[in-house]
Amino acid sequence: FGKAPKFPGTMAIGYLLQHYVLTADDPALQHAVKSLDAMLDGGIYDQIGGGLARYATDDKWLIPHFEKMLYDNALLVSVLCDAYAVTKNNRYKAAIDEIIAFVERELKDATGGYYSALDADSEGVEGKYYTWTWEEWQELIGSDEILMSYFGVSEEGNWEHTNILHVAQPAENIAMRMCLGSIDVLNHVAAAKKKLFEAREKRIRPLTDDKSLLSWNALMNIALSKAAMVLAN
C-alpha cells in the first residue's frame, strides 16, 4: 500500500481474498494476510482495547494517527470475516471479537446506534491515552522480559519518548528463546493486557464525536451480520 501515510486498504484486501476464492491464486491470499497481520501487529491496532486507528504515519503500521473511526473498524471486521472464512486462522476470530467489543463499549449510543469517532488526543496531547512512558510501564509491569519483548517496550520508547505497544516479536519466538511453551507466553500477555486496560481506563479519555451517521451505521450493521454468520455467533 505504498509509503507513509498508510491507510488500511480493507477493500483492496477484500478484493484479494475474493480473487483467491475464485481463482486459487495463492499470491493474492498471501498478500492479503500479510497486510492484515502487519496491521494487527502494529501500533495502528490498539493492542490493549481493540480497534483500529485511522491511519499510520510511518511505513510499518507502527505510529498511528490515534483517532478511531467507526467506518474503519466496520470495514476491518468485514474483511477479517472474509479472512477467517478462508483461512480459519483463530487470530482473525479473536480480532473480530476485540473490535466488536471496542465498538460496543466505546461507540454505542443508548438507543442502539453508533457514534462516529474518538478523538486522537486527550488533555491536549495526541496519543496520551494510548501510549506508555517508561515510568508508567515500570510502575505497572516492571522489567518483565517477556512483555517488553512482546510489546516492544524500551526505556527510550519508540515515539516521542513514549511506547506505542505493538507485537514486536511473536509469542512463539519468545517462547522458543526462553524455553517456555507458547501458550504460557500468550496467557502471560493476556493477563498483562487486562492489567494495562484497567490502568488505562483510569485516564482521561479522548472526546467522542457523537454524530450518528446512517451510512457508517450501515457499514457496522453489515460487519455485525457477517460476523454473526462467519463465527456462528
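Quick note: the sequence shown uses the working numbering, first residue 336, plus one each step.
Backbone N, C-alpha and C define an ideal beta-carbon position, used for all residues, glycine too.
- Counting only residues of its own chain and dropping the five nearest sequence neighbours on each side, W469 has a CB closer than 6 Å to the CB of E490.
- Relative to the Cα of A367, the nearest Cα in the group G378, H354, P541, T358 belongs to H354.
- Collapsing the DSSP output to three states places M511 in a helix.
- Between A391 and K341, the C-beta spacing is below 8 Å.
- Fully enclosed alpha helix (DSSP H) runs of no fewer than 4 residues occupy 405-422, 425-441 of the stretch 390-447, in order along the chain.
- The alpha-carbon of T422 is positioned some 35 Å away from that of A534.
- In the DSSP assignment, T543 is bridged to L453.
- S451 is a Cβ neighbour of W551, given a cutoff of 8 Å.
- Under DSSP, the beta-bridge partners assigned to E461 are D456.
- For K530, the secondary structure class from DSSP, reduced to helix, strand or coil, is helix.
- H501 sits close to G377, with the two beta carbons spaced by under 8 Å.
- Residue pairing by DSSP places Y380 opposite L387 in a beta bridge.
- By the Cβ neighbour-count rule, A409 is buried, with 16 or more other Cβ atoms within 10 Å of its own.
- Comparing alpha carbon positions, the residue from R538, L453, L475 closest to D544 is L453.
- Here the alpha carbons of R512 and G386 stand approximately 30 Å from one another.
- No Cβ-Cβ contact shorter than 8 Å links L566 with A527.
- Here T466 carries a coil assignment [DSSP, helix/strand/coil].
- Here the alpha carbons of L375 and Y427 stand approximately 9 Å from one another.
- The closest CA to that of I539, considering only Y485, K395, E461, is found on E461.
- In this chain, the alpha helix (DSSP H) harbouring N556 covers 549-565.
- Under the DSSP assignment, A339 falls outside any alpha helix (DSSP H); it carries neither an H nor an E label.
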